[in-house]
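Data block below; observations after.
Chains as they are written, first to last, in the numbering used here: chain A, 52 to 418; chain B, 14 to 237.
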């Protein structure tokens with residue numbers, strides 16, 4: 052059974068923003084916690100504090116029954132005493148050592164035979180046995196990543212920390228290695244904390260999500276919960292909810308609420324009583340576009356919308372609409388081909404009521 | 014040719030270099046890795062012998078080692094003789110005089126090592142000192158070699174400091190440069206020329222071999 056990490060601390064660099072780390076990992080068994088946020092929001096600093104590479108000013112970091120850091124009792128374990136595996140963004144493989152020597156680097160305290168056995172096993176497991184005698188600079192980015200993971204795992208860490216593990220790769224191998232990394236992380240019996248600024252990576256790799264912005268944790272919870280139900284406007288922006296429009300509730304009933312947004316009215320699940328002014332959040336993937344107006348469906352919101360712009364992308368096409376308020380939709384390329392959308396066309400935009408997420412504006416702390 | 018002086022100079026240069034490696038590597042590693050704001054003060058102090066006339070350095074070292082300073086008295090009490098005009102006194106002075114020629118290349122070599130590599134080593138459970146030997150030094154060796162050769166060659170050619178601290182005692186403090194100076198003073202140009210040529214060729218050979226080796230290894234075995 053994996054131990055749980057509980058951390059709550061602040062770290063301030065001279066002249067920099069104050070970074071507040073607040074997270075737990077592995078509480079529900081081995082799982083991947085993703086620290087997600089824009090570049091420069093302090094994610095990497097939080098990860099480095101967990102590894103003992105930076106010393107926070109205040110707070111506590113506990114792992115299982117151990118205290119790794121406690122400002123009150125002046126405890127700060129060194130990286131060597133924490134038993135963490137750290138995979139750096141640039142992988143930080145030792146350039147003067149072969150792949151096998153890189154793996155054996157942290158095993159010097161083991162008997163030589165045991166060390167060789169573990170290195171051999173790990174090389175096999177990661178599919179890099181044929182690279183054993185190569186130097187890191189002879190390897191591709193994906194191979195380097197596997198060596199870096201293998202080097203961390205062969206020391207049997209109790210906690211694995213990954214800093215932007217895919218960002219050093221080109222777009223093609225990134226897609227490919229994402230699935231591979233997910234399978235590997237899923238097979239490990241230890242908590243993982245992973246830093247990324249990429250939404251797709253966060254969605255693909257994470258079980259739990261911690262959203263950071265400007266040095267502070269804004270929201271944490273299961274990945275889909277946070278992506279679908281952001282707690283405030285800032286989180287909604289960071290997790291990439293394309294449509295974020297102010298609205299106000301004009302009618303409530305049977306657990307549903309009618310919200311006036313711009314000149315349109317849409318139906319959503321009712322927020323707690325007392326909330327009137329809201330931020331209406333709709334993900335682009337949850338908007339369905341149709342040409343014909345007649346078909347009957349269970350979808351409650353059917354808005355007449357004018358196409359403003361169509362931006363081709365891969366794999367989704369981004370459509371900007373005017374539905375009485377600015378609305379964004381993501382549709383697949385074949386769907387875009389069928390619909391033959393051009394600016395000025397009028398279409399129906401279908402949105403299920405549960406896909407409309409309302410954030411009380413009093414709580415969001417803005418406008 | 015003054016073989017005694019050549020032998021003494023080589024012995025002094027080798028001892029100075031050895032002391033500088035032992036003291037200079039930790040100092041350079043600290044300079045390259047510290048986040049302390051006052052670091053520039055130490056760097057300026059280390060670089061001082063480059064700009065200071067050897068006579069000024071020699072003068073203060075002479076005062077510091079002499080019988081009127083606490084250090085000089087302590088040494089005399091402990092070892093029964095005074096430091097000035099001895100080989101040990103000369104060694105202390107030349108270590109100070111050649112300090113920047115060792116510490117500056119060492120520091121830039123350590124500073125060029127990616128800090129993530131050191132941190133990766135710590136996270137793999139390897140201690141700080143073991144990390145220096147297993148990661149920093151193997152990657153910084155061309156710069157370390159440069160520092161070793163420069164301090165050796167620089168000590169071999171030193172004159173002013175030797176004159177101030179060591180004087181001119183054959184076999185104890187009479188180095189090559191002093192010997193050459195003496196020969197010239199007594200208009201013995203042929204002897205001066207012999208010793209000078211020997212020193213010239215030796216210095217050139219050491220530097221050529223070092224730079225040749227470095228170039229070859231760095232071309233064949235690039236670190237990054």
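By construction, the Cβ of each residue, glycine as well, lies at the ideal position given by its N, Cα and C atoms.
Predicted, not measured: the structure shown is a model, and the values here were computed from it.
- The segment 326-337 of chain A and the segment 285-302 of chain A touch, with three or more beta-carbon pairs separated by less than 8 Å.
- Residue environment for residue 16(B): exposed (fewer than 16 other C-beta atoms within 10 angstroms of its C-beta).
- Here residue 62(A) is buried: its Cβ has 16 or more other Cβ atoms, across all protein chains shown, within 10 Å.
- Of all residues in the segment 121-134 of chain B, only 127, 129, 130, 132, 133, 134 come within less than 8 Å of chain A when Cβ atoms are compared, listed by chain position.
- Within its own chain, the residues whose Cβ lies closer than 6 Å to the Cβ of residue 208(A), once the five positions on either side in sequence are excluded, are 134, 135, 136, listed in chain order.
- Per the coordinates, the alpha-carbon of residue 129(A) lies some 23 Å from the alpha-carbon of residue 50(B).
- Contact of residue 120(A) with chain B by beta-carbon distance below 8 Å is absent, the smallest such distance being about 15 Å.
- Between residue 268(A) and residue 71(A), the CB-CB gap stays under 8 Å.
- Under the 8 Å Cβ criterion, the segment 140-159 of chain B counts as touching the segment 112-129 of chain B, having at least three qualifying pairs.
- For the segment 136-163 of chain B, the residues whose beta carbon sits under 7 Å from a beta carbon of chain A are, in order, 136, 137, 138, 139, 140, 148, 151, 152.
- Scanning 75(B), 158(B), 126(B), 115(B) for the CA closest to the CA of residue 105(B) turns up 75(B).
- Judged by DSSP secondary structure, residue 154(B) falls within the alpha helix (DSSP H) whose first and last residues are 150-169.
- Following the DSSP letters along the chain, one finds residue 399(A) in no alpha helix (DSSP H) but inside the beta strand (DSSP E) bounded by residues 397-402.
- Contact annotation for residue 156(A) against chain B: 134, 137, 139, 147 [CB-CB distance below 8 Å, chain order].
- Looking at 215(B), 102(B), 113(B), the one whose alpha-carbon comes closest to that of residue 57(B) is 113(B).
- According to the DSSP assignment, residue 195(B) belongs to the alpha helix (DSSP H) that extends over 189-198.
- DSSP places residue 336(A) in the helix class (H, G or I) of the three-state scheme.
- The DSSP-derived three-state label of residue 96(A) is helix.
- Here the segment 387-401 of chain A lies against the segment 348-368 of chain A, with 3 or more beta-carbon pairs under 8 Å apart.
- Separation of the CB atoms of residue 166(A) and residue 158(A) is rounded to 4 Å, and the pair is thereby assigned contact status at 8 Å.
- Around residue 141(A), the same chain offers 219 as residues with beta carbons nearer than 8 Å, after the five sequence neighbours per side are excluded.
- When 7 Å is used as the limit between beta carbons, residue 206(A) is near these residues of chain B: 137, 138, in chain order.
- Taking a beta-carbon distance threshold of 8 Å, residue 87(A) does not count as an interface residue toward chain B.
- Around the CB of residue 132(A), fewer than 16 other CB atoms lie within 10 Å, so the residue is classed as exposed.
- Between residue 118(B) and the set 159(B), 130(B), 69(B), the nearest pair of CA atoms involves 159(B).
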